[in-house]
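A short worksheet on the structure shown next.
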Amino acid sequence: MSTQEFDVVVVGGSLAGCTAATLLGRKGLKVALIEHHVQDDNYKHLCTHFIQASAVPVLQRLGVDRLIEEAGGVRNSIEIHTPYGWVGHHLGVDQDGRPLHGYNIRRSRLDPIMRDTASATQGVTMMSGWSTKSLVEQGGRIAGIRLASGDRQITLRSRLVVAADGRNSPLATLAGVKAKSAPNRRFAIFAPMRHVDLRRGSASQMWLTGSEAAYIFPNDDDVTVVAWISPKENLDACRGRALEALIEHLRGLPDAPQLQNAELVDQVLTVKEYPNLWRPPVVRGMALVGDSAMSIDYLWGTGCGWALQSAELLSDNIDAVVKQDIGLDVALRRYQRQHMRMFAGHRFLINDFANRLSLNAIEKLMFSAAVKDVRMARHMARFVARIDGPMKFLSPAALLQAIWTNLRQPVANPDGTRSCDAPLI
Ligand SMILES: Cc1cc2nc3c(=O)[nH]c(=O)nc-3n(C[C@H](O)[C@H](O)[C@H](O)COP(=O)(O)OP(=O)(O)OC[C@H]3O[C@@H](n4cnc5c(N)ncnc54)[C@H](O)[C@@H]3O)c2cc1C
4 MSTQEFDVVV VGGSLAGCTA ATLLGRKGLK VALIEHHVQD DNYKHLCTHF
54 IQASAVPVLQ RLGVDRLIEE AGGVRNSIEI HTPYGWVGHH LGVDQDGRPL
104 HGYNIRRSRL DPIMRDTASA TQGVTMMSGW STKSLVEQGG RIAGIRLASG
154 DRQITLRSRL VVAADGRNSP LATLAGVKAK SAPNRRFAIF APMRHVDLRR
204 GSASQMWLTG SEAAYIFPND DDVTVVAWIS PKENLDACRG RALEALIEHL
254 RGLPDAPQLQ NAELVDQVLT VKEYPNLWRP PVVRGMALVG DSAMSIDYLW
304 GTGCGWALQS AELLSDNIDA VVKQDIGLDV ALRRYQRQHM RMFAGHRFLI
354 NDFANRLSLN AIEKLMFSAA VKDVRMARHM ARFVARIDGP MKFLSPAALL
404 QAIWTNLRQP VANPDGTRSC DAPLI
């Protein structure tokens, strides 16, 4: 079996892996990017393609935002229908005065763009069609991997191995790490359709009750992803008639999209079980990014953005190893701390909602205030887009502002108008 040496070996050629490989390659490191699918146009099917605004700076840094737009990706924002009325999209503007937004682009387009970007990066060797067989361990650290492709085998040795191999992370399993988990009481049905006639402009829309959510996400090539997330108790009634059940549900929503002329363009997918899973971001010198570190409820559309952002976080910490001559372990400890700081609060709230079928008192307070007051709507939009974290969203000042808004205007729509249903940007 032959052996090759790299600075970094990244396993998983999807959003997290391609981001890590591209950024590390640009720092002058010699990187192997391993993907077990042979075809370069392979993509993740289980996704509704909503990339939050929090991840756009990473896409811009990669230079992928331009390619997404050339491929027809849609700049997104979301309007949310709550039990109190509509909250318009109020993300505001960035430091340079440009409107904040995320992207909707189908993974069939995005994943190959990400892979092409990584492969074209100097220093990155893309190895498609190889699967991980075992880990190389040295002095208690993970110091490489053994790969196989058909009857070929190879060993890659490196100072750093990165697991970007998704929710089931075969690397974490090889390292003996068991994911922590928390229940998710809902299932989902989603379908990509053309000719969906939207009733409220072209922004993405979400209908959120305590127990259920529904979405429409306009994507590239005039394809709209239509989705419904519902308590598992309703699953039996949808068996064998997923599309019909989805359409029936959407028809009953306020300002429902018109689906008479809608045409299905790909499979209808049903996700029956999706417990929240997470693992330590660093294991014996191996770093975990994206879903391999944390894969939680898709209801909030955060996994793609967080895959990009966690990979960026890791690569910036590794940069310090090169530039500031700090030890690799110091950099990995920093990554672990920052990962916890960035995501643990979101995970706590998302896990809690996944195991509950009604809105709690704080959610009711914040939603009802966001329907009535533009500042509160903007505050909520920044949290939902994951630009702000839970500490800021639920700060004492924000809670007081929400209480004050509700005291000033106890009823959401006294005269049939809503202060926050018109988009600001
Ligand atoms: C129903 C559903 C809807 C979703 N909708 C959204 C949404 O709208 N917005 C959002 O932000 N997120 C969404 N997500 C989550 C999102 O899809 C994931 O968070 C995201 O794909 C994670 O990216 P990743 O790169 O970490 O992992 P993945 O995209 O899963 O990639 C892992 C890669 O590793 C490769 N791999 C695995 N094992 C090996 C191995 N042994 N050797 C080599 N390669 C290997 C795989 O082939 C794959 O390319 C959704 C998820 C689901 C289930």
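Per our numbering, the very first residue in the sequence shown carries number 4; after that it's consecutive. Just so it is clear, CB atoms sit at the ideal spot from N, CA and C, and this is done for glycine as well. All of these numbers come straight from a predicted model, not from anything done at the bench.
Residue i in three-state terms, based on DSSP
{"i": "Asp10", "result": "strand"}
{"i": "His84", "result": "strand"}
{"i": "Ser161", "result": "strand"}
{"i": "Met289", "result": "strand"}
{"i": "Glu398", "result": "According to the sequence displayed, residue 398 carries Ser and not Glu. Correct three-state label for Ser398: coil."}
{"i": "Arg389", "result": "coil"}
{"i": "Ser17", "result": "coil"}
{"i": "Pro60", "result": "helix"}
{"i": "Asn409", "result": "helix"}
{"i": "Arg109", "result": "coil"}
{"i": "Thr135", "result": "strand"}
{"i": "Asn79", "result": "strand"}
{"i": "Pro102", "result": "strand"}
{"i": "Leu147", "result": "Rather than Leu, the amino acid found at residue 147 in this sequence is Gly. Correct three-state label for Gly147: strand."}
{"i": "Ala123", "result": "coil"}
{"i": "Met4", "result": "coil"}
{"i": "Ser361", "result": "coil"}
{"i": "Val67", "result": "helix"}
{"i": "Ser371", "result": "helix"}
{"i": "Gln404", "result": "helix"}
{"i": "Arg155", "result": "strand"}
{"i": "Val377", "result": "helix"}
{"i": "Thr22", "result": "helix"}
{"i": "Thr128", "result": "strand"}
{"i": "Leu177", "result": "helix"}
{"i": "Ala384", "result": "helix"}
Local Cβ density within 10 Å of residue i, reported as buried at 16 or more and exposed below that
{"i": "Trp407", "result": "exposed"}
{"i": "Met4", "result": "exposed"}
{"i": "Gln339", "result": "buried"}
{"i": "His52", "result": "buried"}
{"i": "Ile329", "result": "exposed"}
{"i": "Phe450", "result": "The chain is shown from 4 up to 428; residue 450 falls before or after that span and cannot be answered."}
{"i": "Phe351", "result": "exposed"}
{"i": "Leu62", "result": "buried"}
{"i": "Asn171", "result": "exposed"}
{"i": "Asn363", "result": "exposed"}
{"i": "Gly419", "result": "At Gly419, the pLDDT of 42 sits below 50, so the modelled position is not reliable; the number obtained from the coordinates is stated separately. Exposed is the call here."}
{"i": "Glu8", "result": "exposed"}
{"i": "Asp168", "result": "buried"}
{"i": "Val165", "result": "buried"}
{"i": "Ala240", "result": "exposed"}
{"i": "Ser137", "result": "exposed"}
{"i": "Val41", "result": "exposed"}
{"i": "Lys375", "result": "buried"}
{"i": "Glu266", "result": "exposed"}
{"i": "Asn187", "result": "buried"}
{"i": "Leu26", "result": "buried"}
{"i": "Glu247", "result": "exposed"}
CA-to-CA distance, residue j to residue i, given in whole angstroms
{"i": "Ile428", "j": "Ile148", "result": "Since pLDDT at Ile428 reaches only 37, below the 50 mark, its modelled position is unreliable, and no value is offered."}
{"i": "Asp200", "j": "Trp231", "result": "17 Å"}
{"i": "Ala388", "j": "Gln55", "result": "5 Å"}
{"i": "Arg242", "j": "Ala194", "result": "15 Å"}
{"i": "Phe220", "j": "Thr6", "result": "46 Å"}
{"i": "Gln44", "j": "Ser205", "result": "A small fix is needed here, since residue 44 is Asp in this sequence, not Gln. Cα to Cα, Asp44 sits roughly 29 Å from Ser205."}
{"i": "Arg381", "j": "Val90", "result": "9 Å"}
{"i": "Ala357", "j": "Ala384", "result": "20 Å"}
{"i": "Val271", "j": "Arg162", "result": "43 Å"}
{"i": "Gly66", "j": "Lys275", "result": "36 Å"}
{"i": "Tyr106", "j": "Gln141", "result": "42 Å"}
{"i": "Arg202", "j": "Ala259", "result": "7 Å"}
{"i": "Ser134", "j": "Val333", "result": "30 Å"}
{"i": "Leu433", "j": "Ser295", "result": "There is no way to answer for residue 433, as the model of the chain reaches only from 4 to 428."}
{"i": "Gly213", "j": "Ala151", "result": "47 Å"}
{"i": "Phe386", "j": "Met394", "result": "10 Å"}
{"i": "Leu253", "j": "Thr227", "result": "13 Å"}
{"i": "Met379", "j": "Gln98", "result": "20 Å"}
{"i": "Val286", "j": "Ala178", "result": "8 Å"}
{"i": "Arg301", "j": "Ser80", "result": "Residue identity differs from the one stated: residue 301 is Tyr in this sequence, not Arg. Rounded to the nearest angstrom, the two C-alpha atoms are 17 Å apart."}
{"i": "Ala400", "j": "Ser371", "result": "16 Å"}
{"i": "Arg110", "j": "Pro413", "result": "43 Å"}
Within-8 Å CB hit, residue i to chain C
{"i": "Val226", "result": "The structure shown contains no chain C, having only a single protein chain."}
Practice task
Please specify which runs of the beta strand (DSSP E), each continuous and at least 3 residues long, are wholly inside the region 190-271, giving them in chain order.
Solution key: 207-211, 216-221, 226-234
Exercise for the section: Note down, one range per segment and in chain order, each beta strand (DSSP E) of at least 3 residues found wholly within the region 266-352. Expected result: 272-274, 279-281, 289-291
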